[in-house]
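Below: one structure, written as structure tokens.
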Amino acid sequence: MSRAVAVVANQVFLGLPWRIIRRKYEKCRTKLKFVSPLSYAIVGSSGRQRAEDLLEVIKKRLLSSSYAIFDATGGNANVALEYGFAEAKGIDRALYLYTHAAAKKPSKDSPIIADLAGKRRNHYKRQDQLLQLLQANSKAHPYTRRFERAFDTGYERAERGRKRRDKALGLKIIHVLDGKEAVRRGEIVKALLRDPAKYDRDEIDAVIDRLRAKRLLAAGKTSRSRVAIR
Numbered sequence: 224m225s226r227a228v229a230v231v232a233n234q235v236f237l238g239l240p241w242r243i244i245r246r247k248y249e250k251c252r253t254k255l256k257f258v259s260p261l262s263y264a265i266v267g268s269s270g271r272q273r274a275e276d277l278l279e280v281i282k283k284r285l286l287s288s289s290y291a292i293f294d295a296t297g298g299n300a301n302v303a304l305e306y307g308f309a310e311a312k313g314i315d316r317a318l319y320l321y322t323h324a325a326a327k328k329p330s331k332d333s334p335i336i337a338d339l340a341g342k343r344r345n346h347y348k349r350q351d352q353l354l355q356l357l358q359a360n361s362k363a364h365p366y367t368r369r370f371e372r373a374f375d376t377g378y379e380r381a382e383r384g385r386k387r388r389d390k391a392l393g394l395k396i397i398h399v400l401d402g403k404e405a406v407r408r409g410e411i412v413k414a415l416l417r418d419p420a421k422y423d424r425d426e427i428d429a430v431i432d433r434l435r436a437k438r439l440l441a442a443g444k445t446s447r448s449r450v451a452i453r
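Residue numbers for the sequence shown, in my numbering: 224 to 453.
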């Protein structure tokens with residue numbers, strides 16, 4: 224089934240149950256920013272948001288994602304519904320399950336897990352195992368593969384450490400765009416000039432241009448041009 228919204232090539236939707244599980248993914252997401260170009264989208268209620276509004280946000284974020292990961296721990300009804308929606312729309316997806324003893328306590332939502340019966344699940348018992356699952360998933364993602372290939376050539380005569388520095392900068396440039404449709408090129412440069420790694424304007428521009436040439440970003444040449452994930 225076709226989607227009505229544009230897909231963000233590096234966006235991965237995370238459909239998660241209750242606070243404890245969500246915190247685990249948030250910690251992993253923070254660590255993954257240093258090694259992965261993927262943007263992990265977690266949608267949650269602020270407590271003031273109407274259920275109808277939240278549902279629309281979830282649907283839009285799912286439809287714009289290139290991949291989705293759902294955590295079935297506790298048989299959460301909302302996660303099962305989100306999974307069903309992704310399945311109906313043909314969104315590539317994976318199912319994760321926390322199997323620590325503390326997560327096996329009966330839940331009033333437990334019967335809903337029957338909707339996911341027979342689906343292949345990726346199990347984890349510890350935080351580090353969840354991180355490993357997410358890292359493996361990231362490495363297999365098409366956008367990550369394209370990102371890695373973008374830095375395969377052009378460094379034969381470069382100074383030592385240049386490739387690693389450029390890759391780290393490339394990740395930071397991409398993550399400035401997390402959750403945003405587009406950002407002005409000048410704003411990206413301005414943000415990274417303040418980075419502790421002390422990048423200069425020329426190297427920031429050079430990496431933006433490399434990512435554009437490798438079709439990872441859509442970007443113009445001027446500071447007012449808009450930069451977006453491609």
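Virtual Cβ for every residue (Gly too), placed ideally from N, Cα, C.
Item to check | Euclidean distance between Cα positions of A429 and T445 | outcome: 13 angstroms
Item to check | Inter-residue spacing [alpha-carbon to alpha-carbon] between D432 and N299 | outcome: 44 angstroms
Checklist entry - For L261, which of helix, strand or coil comes out of DSSP? => result coil
Checklist entry - On the three-state DSSP scale, how would you describe H323? => result coil
Next on the checklist: Give me the residue from G443, I427, E275 with the minimum Cα distance to A414.
Outcome noted: I427
Next on the checklist: I believe E404 touches A451 by the beta-carbon criterion, under 8 angstroms. Please report the beta-carbon distance rounded to the nearest angstrom.
Outcome noted: About 7 angstroms separates the two Cβ atoms, so the contact holds.
Checklist entry - Using the C-alpha atoms, what's the distance from L354 back to L434? => result 26 angstroms
Checklist entry - Can you give, in chain order, each stretch of the alpha helix (DSSP H) that sits fully within the segment 364-435 and has at least 4 residues? => result Listed in chain order, the complete alpha helix (DSSP H) runs (minimum 4 residues) inside the segment 364-435 are 365-373, 385-399, 408-416.
Checklist entry - CB-CB under 7 angstroms to L357, same chain, minus the five flanking residues each way: which ones, in chain order? => result Closer than 7 angstroms at Cβ, skipping near neighbours: C251, L255.
Checklist entry - For the segment 311-321 against the segment 284-295, are there 3 or more C-beta pairs whose distance is under 8 angstroms? => result yes
Next on the checklist: If distances are taken between C-alpha atoms only, which option among G297, Y306, R246 comes closest to F236?
Outcome noted: Selected option, being the one with the closest Cα: Y306.
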